[in-house]
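Chains as they are written, first to last, in this note's numbering: chain X, 172 to 509; chain V, 12 to 315. Just so it is clear, CB atoms sit at the ideal spot from N, CA and C, and this is done for glycine as well. Notes for the one structure printed next.
Put into structure tokens, the structure is as follows:
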């Protein structure tokens with residue numbers, strides 16, 4: 172992603188309307204009539220992005236608490252504003268990728284922040300986790316998956332990198348998986364939804380991931396794919412997408428274990444417009460290969476201004492990191508031998 | 012008598028009908044096809060489409076040949092009575108094992124006049140590209156195919172037509188184009204699939220594509236362009252199940268004048284036709300990186 176691109180995007184987002192009123196009220200109901208497409212379907216079209224500060228899992232320090240106090244929300248809002256201002260001013264390292272600089276095992280990880288786009292200040296909510304079920308806000312990993320998650324977290328950015336199978340699927344320019352596609356990715360977490368009669372298509376900027384979802388009453392086919400086989404239906408104004416037939420990709424390295432597909436993964440997504448600017452996106456994940464029970468997360472997603480574009484994400488085409496990483500691995504191995 | 016007059020009437024009617032059928036203009040042939048309209052009142056191009064031709068091998072007319080990568084065979088000499096040394100192209104070693112599955116079928120070109128007006132240096136480069144196909148063709152590395160090549164690769168694509176945006180979802184490499192029918196700003200940078208602005212010209216969707224990089228090719232024969240490429244595409248429904256596709260190519264750095272390709276596109280009528288994943292990055296990692304790391308995943312042993 173070019174610097175120019177990011178500047179343009181930052182300007183676009185900065186120009187977008189701030190709706191501070193949404194903070195802490197993202198789940199509030201709204202009775203606005205859902206807009207319709209020219210052919211009469213509920214209209215979900217536009218560019219959407221998760222801009223909330225709610226973490227997927229409840230942080231340990233908030234164990235047992237489903238909601239923040241008003242004072243905590245106000246304090247957190249100040250922190251988010253300050254961090255956003257620092258980012259706009261060109262400071263680095265305020266928030267870097269999936270963890271803070273302090274937590275990161277990668278020396279010089281600050282490098283990554285310049286090409287990440289966190290947009291406007293993240294919206295603070297009283298909620299303490301996106302996971303609403305189980306009630307403790309934690310992903311119900313199996314023992315094996317928890318071990319894999321710990322191992323993957325320790326390897327992230329550290330290696331070893333002995334072959335192209337060692338970097339995670341994102342670093343290989345494959346995908347970060349479908350489970351987090353609608354709301355993950357600081358390097359391009361934008362999603363354009365385009366509808367046509369009988370189809371809802373979601374174009375995710377990062378890895379140019381794309382889902383063409385038939386919403387025409389057809390049943391699941393027999394072809395397994397990374398993104399599975401998705402079929403949609405309208406329940407009132409809510410789009411419900413049921414996805415099965417995933418490929419087994421549990422043997423690859425994943426930045427987040429919970430996004431990886433396996434043959435037993437069953438994903439149910441619900442897209443519901445709460446108001447003109449907010450989509451309530453609910454995922455229910457069933458996968459006995461990774462979780463002891465199904466879990467559900469409710470994610471408020473923001474609509475960006477109409478002139479926001481999804482740009483081309485030519486990741487593999489420009490993946491200089493891969494050969495450099497592998498050559499670095501060889502240099503390390505040669506040194507270790509001496 | 013009565014029967015005879017009936018026979019005469021029937022024969023006369025049949026003759027008149029036959030005359031009309033063969034000699035009078037038929038309205039259905041004279042008028043252009045009227046495609047179904049979308050709820051927005053424009054021609055409905057929604058569907059899964061595919062070209063059925065050999066343009067991805069070579070957009071110009073070409074004879075069949077044994078492989079895309081060839082080496083000259085050893086000339087046969089010293090045979091009594093042989094007037095000319097026989098020269099044959101043989102499949103190059105990296106593709107030889109493919110046998111007939113690796114051959115190139117003959118095909119009529121899709122270029123109007125069958126001539127691509129290269130500048131002299133560019134024609135030379137095209138030949139070099141063809142001679143170094145295995146190393147240079149971006150298709151081999153699963154890079155995005157560019158426009159118009161994405162249209163006539165041997166993979167289907169889906170047109171998803173909304174009111175202000177038309178998406179084209181290509182199967183190969185998961186490439187997607189957003190065609191903006193509404194007002195849109197300029198492209199922030201050059202790109203593989205270009206920047207597409209569309210408009211309706213009667214029954215035709217006209218797409219102007221700009222802001223390309225210079226990385227993509229037109230086919231496996233080494234036909235190429237520069238970053239000054241500009242493509243104007245025309246998608247015209249000509250029957251319920253096919254579109255006529257035209258692409259006008261302009262690139263003053265490489266060609267002496269604009270030129271045009273033209274081909275029909277066919278609707279995929281297979282049951283449960285869908286654009287499937289073809290995430291080919293995974294398929295080319297061994298080719299691109301297998302020898303680079305400490306360990307070669309093919310053998311499980313250390314690279315030397």
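query: Residues sharing a beta bridge with residue 274 of chain V, DSSP; result: V/256
query: Residues that DSSP places opposite residue 471 of chain X in a beta bridge; result: X/451
query: Residue 305 of chain V, DSSP secondary structure in three states; result: coil
query: Any 3 or more C-beta pairs closer than 8 angstroms across the segment 298-306 of chain V and the segment 188-198 of chain V; result: no
query: Segment contact flag, the segment 140-156 of chain V with the segment 440-450 of chain X, C-beta cutoff 8 angstroms, min 3 pairs; result: no
query: Boundaries of the alpha helix (DSSP H) in which residue 139 of chain V is found, first to last residue; result: 131-142
query: is_contact[residue 344 of chain X, chain V] using C-beta, thresh 9 angstroms; result: yes
query: Interface residues of chain V facing residue 497 of chain X [CB-CB closer than 7 angstroms]; result: 300, 303, 304
query: Three-way DSSP call (helix, strand, coil) for residue 113 of chain V in this model; result: helix
query: Cutoff 7 angstroms; reference residue 290 of chain V; Cβ partners in own chain excluding five residues on either side; result: 185
query: Three-state secondary structure assigned by DSSP to residue 73 of chain V; result: strand
query: Secondary structure of residue 264 of chain V, DSSP reduced to three states; result: coil
query: Among V/308, V/277, V/307, V/273, nearest to residue 119 of chain V - alpha-carbon criterion; result: V/273
query: Residue-chain proximity (residue 493 of chain X, chain V), Cβ-Cβ < 9 angstroms; result: yes
query: Beta-bridge partners of residue 227 of chain X, as assigned by DSSP; result: The partner list for residue 227 of chain X (beta bridge, DSSP) is empty, contrary to what the question assumes.
query: Of the residues X/338, X/468, X/417, the one placed nearest residue 399 of chain X, counting alpha carbons only; result: X/417
query: Counterpart residues of residue 457 of chain X in DSSP-defined beta bridges; result: X/437
query: Residues bridged to residue 54 of chain V (per DSSP); result: V/48
query: Residue 51 of chain V at chain X interface by Cβ criterion, 9 angstroms; result: yes
query: For residue 507 of chain X and residue 331 of chain X, the rounded distance between their alpha carbons; result: 13 angstroms
query: Residue 298 of chain V in three-state terms, based on DSSP; result: helix
query: Beta-carbon neighbours of residue 164 of chain V, restricted to chain X and to distances below 8 angstroms; result: Correct list: empty, because the minimum Cβ distance to chain X is about 16 angstroms.
query: Beta-carbon neighbours of residue 216 of chain X, restricted to chain V and to distances below 9 angstroms; result: 173, 174, 175, 176
query: Strand pairing of residue 207 of chain V, partner residues [DSSP]; result: V/190, V/220
query: Interface residues of chain V facing residue 205 of chain X [CB-CB closer than 7 angstroms]; result: By Cβ distance, chain V contributes nothing, its closest Cβ being about 16 angstroms from residue 205 of chain X, past 7 angstroms.
query: Nearest-angstrom Cβ-Cβ length linking residue 373 of chain X and residue 403 of chain X, presumed shorter than 8 angstroms; result: Not a contact, Cβ separation roughly 11 angstroms.
query: Min CB distance residue 142 of chain V to chain X below 9 angstroms; result: no
query: CA-to-CA distance, residue 471 of chain X to residue 220 of chain X, given in whole angstroms; result: 9 angstroms
query: Assigned secondary structure, residue 213 of chain X (DSSP; H/G/I helix, E/B strand, else coil); result: strand
query: Residue 236 of chain V beta carbon less than 9 angstroms from that of residue 244 of chain V; result: no
query: Spatial distance of residue 477 of chain X from residue 347 of chain X (CA atoms); result: 26 angstroms
query: Proximity below 9 angstroms, CB of residue 306 of chain V to CB of residue 333 of chain X; result: yes
query: At least 3 beta-carbon pairs within less than 8 angstroms: the segment 74-85 of chain V vs the segment 232-241 of chain X; result: no
query: Under the three-state DSSP convention, the category residue 465 of chain X falls into; result: coil
query: Contact with chain V by residue 542 of chain X, beta-carbon distance below 9 angstroms; result: The shown model of chain X, from 172 to 509, leaves out residue 542 of chain X, and the question about it has no answer.
query: Identified DSSP bridge partners for residue 443 of chain X; result: X/451
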